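Here the sequence shown is numbered in UniProt numbering, starting from 1 and rising by one per residue. Note that CB positions come from ideal geometry on N, CA and C, so glycine has one too. Computed from a predicted model, the values in this text were never measured in an experiment.
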Amino acid sequence: MSAHGPAIPMIARKSGPLNGTAEVPGDKSISHRALILGALSVGETRVTGLLEGQDVLDTGRAMRAFGAEVFRDGATWVVHGVGVGGFMEPDQVIDCGNSGTGVRLIMGAMATSPIAATFTGDASLNSRPMARVTDPLALFGAQAMGRTGGRLPMTIRGAERPLPVRYETPVPSAQVKSAVLLAGLNAPGETVVLEAEATRDHSERMLVGFGAEVDVEDTPQGRLITLQGRPELHPQTIAVPRDPSSAAFPVCAAIITEGSDVLVPNIGLNPTRAGLFTTLREMGADLTYENEREEGGEPVADLRARFSPDLKGIEVPAERAASMIDEYPVLSAVAAYAEGATYMPGVKELRVKESDRIDAMAEGLRANGIEVDEGEDWWRVHGRGFGDVTGGATVASRLDHRIAMSFLVFGMAAEKGCRVDDGGPIATSFPIFEPLMTALGATVEREAT
(Lines of atoms letter the chains of each structure in order from A and count residues from 1; the text may use other names and numbers.)
(Lines give C-alpha, C1' and ligand atoms only; values in the text may rest on other atoms or scores of the structure.)
Protein backbone atom coordinates (compact mmCIF):
# COMPACT_ATOMS: atom_id res chain seq x y z
CA MET A 1 0.00 0.00 0.00
CA SER A 2 1.10 3.55 -0.67
CA ALA A 3 1.30 6.12 2.07
CA HIS A 4 -2.08 7.55 1.05
CA GLY A 5 -3.89 4.91 -1.00
CA PRO A 6 -3.70 1.66 -2.96
CA ALA A 7 -0.41 0.47 -4.42
CA ILE A 8 0.54 1.94 -7.81
CA PRO A 9 2.84 -0.49 -9.71
CA MET A 10 5.17 1.29 -12.11
CA ILE A 11 7.70 0.29 -14.76
CA ALA A 12 10.62 2.08 -16.40
CA ARG A 13 11.73 0.64 -19.72
CA LYS A 14 15.01 1.23 -21.47
CA SER A 15 14.70 4.74 -22.82
CA GLY A 16 16.08 6.72 -25.73
CA PRO A 17 18.01 9.93 -25.13
CA LEU A 18 16.68 12.24 -22.43
CA ASN A 19 16.69 15.83 -23.63
CA GLY A 20 15.24 19.12 -22.49
CA THR A 21 14.79 21.12 -19.32
CA ALA A 22 13.71 19.50 -16.04
CA GLU A 23 11.85 21.97 -13.81
CA VAL A 24 12.00 20.06 -10.52
CA PRO A 25 9.92 21.02 -7.46
CA GLY A 26 10.95 23.32 -4.63
CA ASP A 27 13.34 22.20 -1.92
CA LYS A 28 11.53 20.01 0.60
CA SER A 29 13.77 20.88 3.56
CA ILE A 30 13.36 24.62 3.02
CA SER A 31 9.62 24.26 2.38
CA HIS A 32 9.04 22.53 5.75
CA ARG A 33 11.04 25.19 7.59
CA ALA A 34 9.35 28.10 5.81
CA LEU A 35 5.92 26.95 6.97
CA ILE A 36 7.04 26.26 10.54
CA LEU A 37 8.99 29.49 11.02
CA GLY A 38 6.22 31.44 9.33
CA ALA A 39 3.82 29.99 11.90
CA LEU A 40 6.19 31.05 14.71
CA SER A 41 6.39 34.63 13.42
CA VAL A 42 4.04 37.53 14.07
CA GLY A 43 2.44 38.64 10.82
CA GLU A 44 2.23 37.40 7.22
CA THR A 45 4.91 35.24 5.60
CA ARG A 46 4.63 34.66 1.84
CA VAL A 47 6.32 31.69 0.17
CA THR A 48 6.78 31.08 -3.55
CA GLY A 49 8.13 27.87 -5.03
CA LEU A 50 6.88 25.78 -2.10
CA LEU A 51 7.08 22.05 -2.71
CA GLU A 52 3.46 20.92 -2.90
CA GLY A 53 4.23 17.29 -2.13
CA GLN A 54 2.28 15.39 0.50
CA ASP A 55 5.00 15.72 3.16
CA VAL A 56 4.96 19.52 3.03
CA LEU A 57 1.19 19.75 2.76
CA ASP A 58 0.96 17.64 5.93
CA THR A 59 3.23 20.16 7.69
CA GLY A 60 0.96 22.98 6.52
CA ARG A 61 -2.07 21.19 7.98
CA ALA A 62 -0.18 20.71 11.24
CA MET A 63 0.56 24.44 11.47
CA ARG A 64 -3.17 25.13 11.05
CA ALA A 65 -3.90 22.70 13.86
CA PHE A 66 -1.55 24.69 16.14
CA GLY A 67 -3.41 27.92 15.37
CA ALA A 68 -1.62 29.47 12.37
CA GLU A 69 -3.48 30.42 9.22
CA VAL A 70 -2.00 28.70 6.16
CA PHE A 71 -3.49 28.99 2.68
CA ARG A 72 -2.63 29.14 -1.01
CA ASP A 73 -3.07 32.46 -2.82
CA GLY A 74 -2.49 31.77 -6.50
CA ALA A 75 1.12 30.59 -6.82
CA THR A 76 2.01 31.87 -3.34
CA TRP A 77 1.53 30.23 0.03
CA VAL A 78 0.59 32.58 2.86
CA VAL A 79 1.19 31.94 6.57
CA HIS A 80 -0.29 34.17 9.27
CA GLY A 81 1.80 33.25 12.28
CA VAL A 82 1.04 33.18 15.99
CA GLY A 83 4.53 34.06 17.27
CA VAL A 84 7.08 32.19 19.37
CA GLY A 85 5.24 30.54 22.25
CA GLY A 86 1.87 31.19 20.61
CA PHE A 87 0.95 27.67 19.54
CA MET A 88 -2.53 26.52 20.62
CA GLU A 89 -3.18 22.97 21.74
CA PRO A 90 -4.52 21.06 18.72
CA ASP A 91 -7.89 19.37 19.05
CA GLN A 92 -6.94 16.59 16.66
CA VAL A 93 -4.16 14.08 16.11
CA ILE A 94 -1.34 15.49 13.96
CA ASP A 95 -0.87 13.12 11.01
CA CYS A 96 2.55 13.69 9.41
CA GLY A 97 2.07 11.00 6.76
CA ASN A 98 5.45 9.79 5.56
CA SER A 99 7.58 12.71 6.74
CA GLY A 100 10.30 12.18 9.33
CA THR A 101 11.47 15.75 8.79
CA GLY A 102 8.01 17.16 9.35
CA VAL A 103 7.19 15.28 12.53
CA ARG A 104 10.58 15.83 14.18
CA LEU A 105 10.70 19.56 13.43
CA ILE A 106 7.12 20.07 14.57
CA MET A 107 7.81 18.19 17.80
CA GLY A 108 10.69 20.57 18.45
CA ALA A 109 8.63 23.66 17.63
CA MET A 110 5.91 22.77 20.18
CA ALA A 111 8.04 21.10 22.88
CA THR A 112 8.63 24.28 24.90
CA SER A 113 5.00 25.45 24.95
CA PRO A 114 2.65 24.27 27.75
CA ILE A 115 0.44 22.24 25.42
CA ALA A 116 0.10 18.59 24.41
CA ALA A 117 -0.11 17.10 20.92
CA THR A 118 -0.40 13.56 19.60
CA PHE A 119 1.50 12.62 16.44
CA THR A 120 1.04 9.73 14.03
CA GLY A 121 1.94 8.84 10.45
CA ASP A 122 1.79 6.09 7.88
CA ALA A 123 3.16 2.59 8.47
CA SER A 124 6.66 3.64 7.44
CA LEU A 125 6.83 6.71 9.68
CA ASN A 126 5.29 4.85 12.62
CA SER A 127 8.14 2.33 12.44
CA ARG A 128 10.88 4.96 12.67
CA PRO A 129 12.67 5.82 15.94
CA MET A 130 11.78 9.12 17.59
CA ALA A 131 13.98 8.87 20.69
CA ARG A 132 16.79 10.70 18.90
CA VAL A 133 14.51 13.77 19.07
CA THR A 134 12.47 13.15 22.20
CA ASP A 135 15.62 12.56 24.30
CA PRO A 136 17.02 16.09 23.79
CA LEU A 137 13.52 17.60 24.00
CA ALA A 138 13.19 16.01 27.45
CA LEU A 139 16.14 18.17 28.56
CA PHE A 140 13.95 21.23 27.99
CA GLY A 141 11.27 19.65 30.20
CA ALA A 142 9.05 18.06 27.53
CA GLN A 143 7.54 14.62 28.08
CA ALA A 144 7.00 11.97 25.40
CA MET A 145 4.60 9.03 25.68
CA GLY A 146 4.67 6.65 22.73
CA ARG A 147 4.86 3.04 21.68
CA THR A 148 7.61 0.67 22.75
CA GLY A 149 10.92 1.69 21.22
CA GLY A 150 9.97 5.37 21.07
CA ARG A 151 7.75 5.07 18.03
CA LEU A 152 4.59 6.80 16.85
CA PRO A 153 1.77 7.26 17.65
CA MET A 154 3.19 9.48 20.37
CA THR A 155 1.98 12.28 22.60
CA ILE A 156 4.33 15.15 23.46
CA ARG A 157 3.52 17.26 26.50
CA GLY A 158 5.41 20.52 26.19
CA ALA A 159 7.46 22.00 29.01
CA GLU A 160 5.59 24.46 31.23
CA ARG A 161 8.84 26.10 32.40
CA PRO A 162 11.39 25.25 29.70
CA LEU A 163 15.10 25.26 30.45
CA PRO A 164 17.83 26.23 27.99
CA VAL A 165 19.82 23.25 26.77
CA ARG A 166 23.36 22.45 25.66
CA TYR A 167 23.24 19.34 23.47
CA GLU A 168 25.88 17.37 21.60
CA THR A 169 24.29 15.44 18.76
CA PRO A 170 25.23 11.72 18.96
CA VAL A 171 24.68 11.20 15.21
CA PRO A 172 24.90 13.66 12.32
CA SER A 173 21.25 14.64 11.82
CA ALA A 174 19.87 17.95 10.63
CA GLN A 175 16.46 16.85 11.90
CA VAL A 176 17.71 16.45 15.47
CA LYS A 177 19.69 19.69 15.39
CA SER A 178 16.74 21.59 13.96
CA ALA A 179 14.29 20.18 16.50
CA VAL A 180 16.55 21.34 19.35
CA LEU A 181 16.98 24.82 17.85
CA LEU A 182 13.22 25.19 17.29
CA ALA A 183 12.58 24.12 20.89
CA GLY A 184 15.17 26.66 22.02
CA LEU A 185 13.17 29.51 20.50
CA ASN A 186 10.74 29.46 23.44
CA ALA A 187 13.32 28.71 26.15
CA PRO A 188 15.09 31.49 28.08
CA GLY A 189 18.80 32.14 27.63
CA GLU A 190 21.07 30.31 25.20
CA THR A 191 20.38 26.96 23.58
CA VAL A 192 23.60 25.41 22.26
CA VAL A 193 24.05 22.52 19.82
CA LEU A 194 27.43 20.92 19.11
CA GLU A 195 27.72 18.87 15.92
CA ALA A 196 30.83 16.73 15.55
CA GLU A 197 30.02 16.57 11.84
CA ALA A 198 28.26 19.47 10.13
CA THR A 199 24.82 18.75 8.63
CA ARG A 200 22.61 20.78 6.31
CA ASP A 201 22.27 24.28 7.71
CA HIS A 202 18.94 25.47 6.31
CA SER A 203 17.53 25.94 9.82
CA GLU A 204 20.37 28.22 10.93
CA ARG A 205 20.17 30.30 7.73
CA MET A 206 16.40 30.66 7.88
CA LEU A 207 16.30 31.39 11.62
CA VAL A 208 18.62 34.33 11.00
CA GLY A 209 16.45 35.46 8.10
CA PHE A 210 13.40 35.52 10.39
CA GLY A 211 15.25 37.60 12.95
CA ALA A 212 16.63 35.09 15.47
CA GLU A 213 20.12 35.59 16.86
CA VAL A 214 22.18 32.56 15.87
CA ASP A 215 25.95 32.24 16.15
CA VAL A 216 27.77 29.47 14.29
CA GLU A 217 31.39 28.69 15.14
CA ASP A 218 33.66 25.95 13.83
CA THR A 219 35.71 24.57 16.73
CA PRO A 220 38.16 21.66 17.12
CA GLN A 221 35.26 19.67 18.62
CA GLY A 222 32.89 20.44 15.74
CA ARG A 223 30.34 23.03 14.73
CA LEU A 224 28.97 25.01 17.69
CA ILE A 225 25.56 26.64 17.15
CA THR A 226 24.23 29.09 19.76
CA LEU A 227 20.65 30.39 19.67
CA GLN A 228 19.35 33.23 21.84
CA GLY A 229 15.93 32.27 23.17
CA ARG A 230 12.64 34.17 23.15
CA PRO A 231 13.17 36.27 19.99
CA GLU A 232 10.34 37.93 18.13
CA LEU A 233 10.45 36.42 14.68
CA HIS A 234 9.53 38.70 11.79
CA PRO A 235 7.56 37.45 8.77
CA GLN A 236 9.44 37.01 5.52
CA THR A 237 8.96 36.71 1.78
CA ILE A 238 10.68 33.49 0.76
CA ALA A 239 11.50 32.14 -2.71
CA VAL A 240 12.21 28.43 -2.24
CA PRO A 241 15.07 27.19 -4.46
CA ARG A 242 14.53 23.93 -6.30
CA ASP A 243 15.35 20.75 -4.47
CA PRO A 244 18.81 19.18 -5.04
CA SER A 245 17.43 15.85 -3.78
CA SER A 246 14.75 15.93 -6.51
CA ALA A 247 17.27 17.19 -9.10
CA ALA A 248 19.28 14.04 -8.38
CA PHE A 249 16.84 11.88 -10.34
CA PRO A 250 16.83 13.60 -13.76
CA VAL A 251 20.57 14.31 -13.36
CA CYS A 252 21.38 10.65 -12.67
CA ALA A 253 18.97 9.42 -15.36
CA ALA A 254 20.71 11.62 -17.96
CA ILE A 255 24.15 10.42 -16.90
CA ILE A 256 23.29 6.72 -17.48
CA THR A 257 20.92 7.03 -20.47
CA GLU A 258 22.69 7.02 -23.84
CA GLY A 259 22.66 10.26 -25.81
CA SER A 260 21.14 12.37 -23.03
CA ASP A 261 21.60 16.11 -22.41
CA VAL A 262 19.38 17.57 -19.68
CA LEU A 263 19.35 21.02 -18.04
CA VAL A 264 18.04 21.23 -14.46
CA PRO A 265 17.73 24.94 -13.57
CA ASN A 266 17.70 26.86 -10.28
CA ILE A 267 19.05 24.11 -8.03
CA GLY A 268 20.13 24.92 -4.48
CA LEU A 269 23.81 24.05 -4.03
CA ASN A 270 24.17 24.62 -0.31
CA PRO A 271 27.48 22.87 0.48
CA THR A 272 25.73 20.79 3.14
CA ARG A 273 23.47 19.35 0.40
CA ALA A 274 25.56 19.05 -2.77
CA GLY A 275 27.65 15.96 -1.98
CA LEU A 276 26.03 13.81 -4.68
CA PHE A 277 27.00 16.18 -7.47
CA THR A 278 30.61 16.30 -6.26
CA THR A 279 30.65 12.49 -6.13
CA LEU A 280 29.21 12.08 -9.63
CA ARG A 281 31.87 14.39 -11.06
CA GLU A 282 34.59 12.39 -9.28
CA MET A 283 33.18 9.25 -10.94
CA GLY A 284 33.64 10.91 -14.33
CA ALA A 285 30.14 12.20 -14.95
CA ASP A 286 29.68 15.00 -17.47
CA LEU A 287 27.94 17.32 -15.01
CA THR A 288 28.50 21.08 -15.12
CA TYR A 289 27.27 24.07 -13.11
CA GLU A 290 25.99 27.01 -15.16
CA ASN A 291 24.82 30.49 -14.14
CA GLU A 292 26.12 30.17 -10.56
CA ARG A 293 24.58 32.78 -8.25
CA GLU A 294 23.10 33.38 -4.78
CA GLU A 295 19.39 33.64 -4.00
CA GLY A 296 17.94 34.22 -0.54
CA GLY A 297 21.28 33.48 1.10
CA GLU A 298 21.60 30.10 -0.66
CA PRO A 299 24.02 29.27 -3.51
CA VAL A 300 22.14 28.29 -6.69
CA ALA A 301 23.12 27.10 -10.18
CA ASP A 302 21.70 25.46 -13.28
CA LEU A 303 22.92 21.87 -13.67
CA ARG A 304 23.64 20.35 -17.06
CA ALA A 305 23.94 16.56 -17.12
CA ARG A 306 25.01 14.56 -20.17
CA PHE A 307 25.37 10.85 -20.86
CA SER A 308 28.64 9.67 -19.31
CA PRO A 309 29.74 6.24 -20.61
CA ASP A 310 33.11 6.21 -18.81
CA LEU A 311 31.99 6.24 -15.17
CA LYS A 312 34.40 4.68 -12.68
CA GLY A 313 33.63 3.29 -9.25
CA ILE A 314 35.15 5.27 -6.38
CA GLU A 315 35.29 5.36 -2.59
CA VAL A 316 32.93 8.07 -1.37
CA PRO A 317 34.51 9.85 1.63
CA ALA A 318 32.65 8.99 4.83
CA GLU A 319 32.72 12.64 5.90
CA ARG A 320 30.62 13.49 2.83
CA ALA A 321 27.71 11.32 3.95
CA ALA A 322 25.78 14.04 5.78
CA SER A 323 25.72 16.21 2.64
CA MET A 324 24.16 13.48 0.47
CA ILE A 325 22.48 11.02 2.82
CA ASP A 326 19.19 11.03 0.87
CA GLU A 327 20.97 10.58 -2.45
CA TYR A 328 22.79 7.29 -1.78
CA PRO A 329 19.94 5.18 -3.20
CA VAL A 330 20.08 6.87 -6.62
CA LEU A 331 23.90 6.96 -6.46
CA SER A 332 23.85 3.18 -6.06
CA ALA A 333 21.68 2.95 -9.19
CA VAL A 334 24.30 4.96 -11.10
CA ALA A 335 27.11 2.87 -9.57
CA ALA A 336 25.63 -0.23 -11.21
CA TYR A 337 26.64 1.29 -14.59
CA ALA A 338 30.19 2.27 -13.54
CA GLU A 339 33.31 0.22 -14.11
CA GLY A 340 34.44 -1.27 -10.79
CA ALA A 341 33.19 -0.96 -7.24
CA THR A 342 31.69 2.09 -5.55
CA TYR A 343 32.28 1.92 -1.79
CA MET A 344 30.04 3.99 0.50
CA PRO A 345 31.11 4.08 4.17
CA GLY A 346 29.68 6.03 7.10
CA VAL A 347 26.05 5.57 6.05
CA LYS A 348 24.32 3.87 9.01
CA GLU A 349 21.75 6.69 9.00
CA LEU A 350 20.32 5.06 5.85
CA ARG A 351 19.07 2.17 7.96
CA VAL A 352 16.55 4.36 9.83
CA LYS A 353 15.09 6.39 6.98
CA GLU A 354 11.62 5.78 5.47
CA SER A 355 12.94 2.25 5.03
CA ASP A 356 16.24 0.52 5.64
CA ARG A 357 17.60 2.01 2.44
CA ILE A 358 20.79 -0.06 2.34
CA ASP A 359 18.82 -3.30 2.58
CA ALA A 360 16.13 -2.10 0.14
CA MET A 361 18.61 -1.04 -2.55
CA ALA A 362 20.88 -4.05 -2.02
CA GLU A 363 17.97 -6.48 -2.36
CA GLY A 364 16.61 -4.76 -5.46
CA LEU A 365 19.99 -4.41 -7.18
CA ARG A 366 20.81 -8.07 -6.54
CA ALA A 367 17.45 -9.06 -8.05
CA ASN A 368 18.52 -7.09 -11.14
CA GLY A 369 21.88 -8.88 -11.43
CA ILE A 370 24.13 -6.41 -9.58
CA GLU A 371 26.53 -7.65 -6.89
CA VAL A 372 26.27 -5.74 -3.61
CA ASP A 373 28.16 -6.15 -0.33
CA GLU A 374 26.90 -4.51 2.83
CA GLY A 375 27.62 -3.96 6.52
CA GLU A 376 25.88 -2.04 9.26
CA ASP A 377 27.61 1.23 8.31
CA TRP A 378 28.73 0.68 4.71
CA TRP A 379 27.89 -0.87 1.37
CA ARG A 380 29.63 -1.56 -1.92
CA VAL A 381 28.06 -1.77 -5.37
CA HIS A 382 30.05 -3.69 -8.00
CA GLY A 383 29.33 -1.91 -11.26
CA ARG A 384 28.99 -3.86 -14.49
CA GLY A 385 29.64 -0.97 -16.89
CA PHE A 386 27.40 0.20 -19.71
CA GLY A 387 25.89 -2.44 -21.95
CA ASP A 388 26.05 -5.20 -19.33
CA VAL A 389 23.11 -4.35 -17.03
CA THR A 390 20.12 -6.57 -17.75
CA GLY A 391 17.58 -5.60 -15.11
CA GLY A 392 14.05 -6.93 -15.56
CA ALA A 393 13.16 -7.58 -11.92
CA THR A 394 10.28 -6.24 -9.85
CA VAL A 395 11.48 -4.60 -6.63
CA ALA A 396 9.74 -3.52 -3.43
CA SER A 397 9.65 0.23 -2.80
CA ARG A 398 8.87 -0.35 0.93
CA LEU A 399 6.71 2.81 1.18
CA ASP A 400 9.85 4.82 0.36
CA HIS A 401 9.70 7.48 -2.35
CA ARG A 402 13.46 7.53 -2.94
CA ILE A 403 13.68 3.74 -3.36
CA ALA A 404 10.87 3.84 -5.92
CA MET A 405 12.41 6.67 -7.95
CA SER A 406 15.93 5.22 -7.77
CA PHE A 407 14.85 1.91 -9.31
CA LEU A 408 12.83 3.66 -11.99
CA VAL A 409 15.95 5.66 -12.91
CA PHE A 410 17.94 2.40 -12.90
CA GLY A 411 15.40 0.87 -15.27
CA MET A 412 15.75 3.67 -17.85
CA ALA A 413 19.17 2.30 -18.85
CA ALA A 414 18.71 -1.44 -18.15
CA GLU A 415 18.13 -3.77 -21.12
CA LYS A 416 14.92 -5.16 -19.61
CA GLY A 417 13.93 -2.12 -17.58
CA CYS A 418 12.81 -2.36 -13.95
CA ARG A 419 9.48 -2.50 -12.12
CA VAL A 420 8.57 -1.19 -8.66
CA ASP A 421 5.65 -2.70 -6.78
CA ASP A 422 4.40 0.71 -5.60
CA GLY A 423 5.24 4.14 -6.96
CA GLY A 424 2.57 5.85 -4.88
CA PRO A 425 4.99 7.18 -2.21
CA ILE A 426 6.71 9.30 -4.90
CA ALA A 427 3.94 11.87 -4.38
CA THR A 428 5.28 12.67 -0.91
CA SER A 429 8.28 14.54 -2.33
CA PHE A 430 8.16 14.65 -6.15
CA PRO A 431 4.54 14.62 -7.33
CA ILE A 432 5.49 15.53 -10.94
CA PHE A 433 8.21 12.86 -11.30
CA GLU A 434 6.35 10.75 -13.86
CA PRO A 435 5.25 13.52 -16.27
CA LEU A 436 8.60 15.34 -15.91
CA MET A 437 10.64 12.25 -16.82
CA THR A 438 8.23 11.35 -19.62
CA ALA A 439 8.57 14.84 -21.11
CA LEU A 440 12.35 14.38 -21.19
CA GLY A 441 11.94 11.17 -23.19
CA ALA A 442 11.89 8.48 -20.52
CA THR A 443 9.51 5.53 -20.75
CA VAL A 444 7.93 5.48 -17.28
CA GLU A 445 4.43 4.09 -16.91
CA ARG A 446 1.89 3.01 -14.36
CA GLU A 447 0.80 -0.58 -14.72
CA ALA A 448 -2.69 -1.90 -14.33
CA THR A 449 -3.33 -3.66 -11.00
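If you ignore the 5 residues before and after D201, its C-beta comes within less than 6 Å of the C-beta of T272, all in its own chain and listed in chain order. Between G81 and G97, the C-beta spacing is not below 8 Å. Per the DSSP secondary-structure output, G340 pairs in a beta bridge with G383. Inter-residue distance for P309 and V372 is about 21 Å (C-alpha atoms, whole angstroms). In the three-state DSSP reduction, R64 falls in the helix class (H, G or I).
Its chain contains I11, T394 as the residues whose beta carbon lies nearer than 6 Å to that of R419, once the 5 sequence neighbours on both sides are disregarded; these appear in chain order.
Rounded to whole angstroms, the separation of the alpha carbons of R33 and A174 is 12 Å. Note that the C-beta distance between G441 and P17 is below 8 Å. Cβ-Cβ distances below 7 Å link F71 to V78 in the same chain, with the five nearest sequence neighbours on each side left out; the list follows chain order.
When Cβ pairs closer than 8 Å are counted between the two stretches, the stretch 149-157 is seen to touch the stretch 100-119, the count reaching three or more. The shortest C-alpha to C-alpha distance from V192 to any of M206, L163, A111 is the one to L163. Judged by DSSP secondary structure, Q175 falls within the alpha helix (DSSP H) whose first and last residues are 174-184. When the beta-carbon positions are compared, T48 and T76 come within less than 8 Å of each other. Between the beta-carbon of K348 and that of D326 there is about 14 Å, and that puts the pair past the 8 Å contact cut. In summary, N291 is exposed, with fewer than 16 beta-carbon neighbours lying within 10 Å of its beta-carbon over all protein chains present. By the 16-neighbour rule on beta-carbons within 10 angstroms, P435 is exposed. In the DSSP assignment, V389 falls outside any alpha helix (DSSP H), carrying neither H nor E. Taking the CA atoms as reference points, G211 sits about 48 Å from A413. Between F430 and P250, the alpha-carbon positions lie close to 12 Å from each other.
In this structure, P231 lies away from I267, with their beta-carbon atoms at least 8 Å apart. Within the model, the alpha-carbon separation for A254 versus Q54 is close to 26 Å. When DSSP reads this structure, V78 sits in a beta bridge with R46, F71. The Cβ atoms of L194 and L233 lie no closer than 8 Å to each other.
Look at E295 here: in three-state DSSP terms it is strand. Residue burial annotation: D27 is buried, with at least 16 other C-beta atoms found within 10 angstroms of its C-beta. R223 is bridged by DSSP to E195, D218. Note on R398: 16 or more other CB atoms within 10 angstroms of its CB, so buried under the neighbour-count rule.
If you draw a straight line from the Cα of A248 to the Cα of V214, it is about 31 Å long. In the structure shown, the three-state DSSP call for P309 is coil. Your pair M107 and L137 checks out as a contact, with CB atoms roughly 7 Å apart and the cut at 8 Å. Beta-bridge partners assigned by DSSP to M154: F119, G146. Cβ-Cβ separation between R306 and S355: approximately 31 Å, too far for a contact (criterion under 8 Å). Excluding five sequence positions before and after V352, the CB atoms of its chain that fall closer than 7 Å to its own CB belong to R128, P129, given in chain order. Assigned with DSSP and collapsed to three states, P329 falls in helix. The alpha-carbon of A404 is positioned some 16 Å away from that of S99. Taking C-alpha positions only, T257 is separated from S178 by approximately 38 Å.
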